[in-house]
Every structure is written in structure tokens, then in C-alpha cells.
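**Q**
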Amino acid sequence: MRTDDFDPQASDDLVDVDLYDDGSFPEYGFLQAPNAAAVLAAVRGEGPVPETGFATRRQLRALGLSPGRQEPIAALTWRGGLRKAWFYRIELAVPKRTPTLAQEWALDKAMAARQTCPKCRRRYFHCLRLRTVGSCEECFDGTPADPGSYIPPASTKAA
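If you read the sequence shown in our numbering, its first letter stands for residue 3, the second for the next number, and so on.
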């Protein structure tokens with residue numbers, strides 16, 4: 003081959019082909035993925051976050067990360083292949099976004115609408131069945147509520 007025959011732009015036509023790749027995702031069972039035990043220990047708070055390995059969305063979220071814009075690279079299967087979760091690479095994950103104060107305020111306002119009894123105006127620490135019952139249990143049928151399960155309504159007395 004002569005040196006004047008080599009054209010660096012012509013090398014764009016070359017494609018690396020893997021003859022053994024069938025195009026499917028690798029599938030792993032429980033604790034079979036690379037570094038799976040270390041990821042599980044980190045999610046449980048029993049060890050440091052590993053630098054490499056695979057993790058599902060929930061595991062990434064528990065580690066304070068999100069997949070970012072990366073595509074899944076493998077699958078976790080269980081129940082005989084009927085259920086799947088996608089694996090993402092930990093080293094390509096990005097820190098999860100923190101909500102702004104306006105977003106937190108909007109979420110608190112939405113949760114307050116679901117947790118506040120329209121009759122007695124108490125805000126409970128759990129969501130009420132407002133569609134079916136329409137109020138808290140105490141207002142509906144007289145079942146006493148635990149005083150530790152709600153915030154009393156703000157008094158509107160003028161001083």
C-alpha cells in the first residue's frame with residue numbers, strides 16, 4: 003500500500019462487526035449482574051457506592067443518582083422472565099435533580115389538598131379517602147382519630 007493511497011476520511015466507511023452479538027440485551031437474575039452485591043449493600047446503607055457496575059432506576063434513586071440520558075444496557079428478569087427491570091451503568095449516572103422552592107411548594111399544596119379534611123380542616127399525615135368517603139374517618143362515622151396522626155387546624159381568632 004502506498005502512502006498516497008491512504009485517505010483518513012475514507013476510513014469512515016469501515017464498520018466494526020461483532021459476529022457473536024445477536025443484538026439482544028444481556029439478562030441477569032437476582033444478584034447475577036456485575037457488582038450486584040456491592041450495589042445492594044450500598045442501597046441498604048451497609049457499604050459505599052460502587053464506582054462501576056449496574057443498577058436499576060430504584061437502586062440509582064436510593065443512591066442519589068438518576069440514569070441521565072443513557073440507554074439501558076441489560077435487563078434484570080424474575081418470575082420466569084415475566085417481569086423485567088432495566089439496568090443502567092453507575093459510572094454514567096448523574097446526581098438526581100433537586101426541586102426548586104416553587105416546585106416543593108406546589109407539591110406541598112397538592113398533598114395538603116389530599117390530606118386535609120374539608121369538614122374539620124385537620125391535616126392528616128396520610129392521604130384521606132376523599133373520593134369515596136368525602137372526609138376523615140372521625141367526621142364520617144365518629145371513629146376517633148389518634149391525636150398524633152394529624153395537625154390541628156390553625157385558629158382564626160383575631161387578637
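Glycine included, C-beta positions come from ideal geometry on N, C-alpha and C.
Keep in mind it's a predicted model, so treat the numbers as computed, not measured.
1) Would you report the Cα separation of G67 and A77, rounded to the nearest angstrom?
2) Could you compute how far the alpha carbon of F89 sits from the alpha carbon of L21?
3) Compare the Cα-Cα distances from A87 to each of G150, E140, F56 and report the closest residue.
4) I'd like the span of the beta strand (DSSP E) that includes F89, first residue to last.
5) In or out: V41 buried (at least 16 other Cβ within 10 Å) or exposed?
6) In terms of residue numbering, what span does the alpha helix (DSSP H) encompassing C42 cover?
**A** Concretely, from the data shown:
1) Within the sequence shown, residue 67 is the residue found at index 65, counting from 1. Within the sequence shown, residue 77 is the residue found at index 75, counting from 1. Sequence check: residue 67 is Leu here, not Gly. C-alpha separation (whole angstroms): 19 Å.
2) As a working mapping, residue 89 is identified with position 87 in the sequence shown. As a working mapping, residue 21 is identified with position 19 in the sequence shown. For the pair F89 and L21, the Cα-to-Cα distance works out to about 24 Å.
3) Numbered from its first residue, the sequence shown carries residue 87 at position 85. For the options G150, E140, F56, the alpha carbon positioned closest to that of A87 is the one of F56.
4) Reading the sequence shown from its first residue, position 87 is the one you call residue 89. Unbroken beta strand (DSSP E) run through F89: 85–91.
5) Locating residue 41 in the sequence shown gives position 39, where the first residue counts as 1. Buried, because 16 or more other Cβ atoms sit within 10 Å of the Cβ of V41.
6) Position 40 of the sequence shown, counted from the start, is the residue given in the question as residue 42. Strictly speaking, residue 42 in this sequence is Leu, with Cys absent from that position. Residues 38–45.
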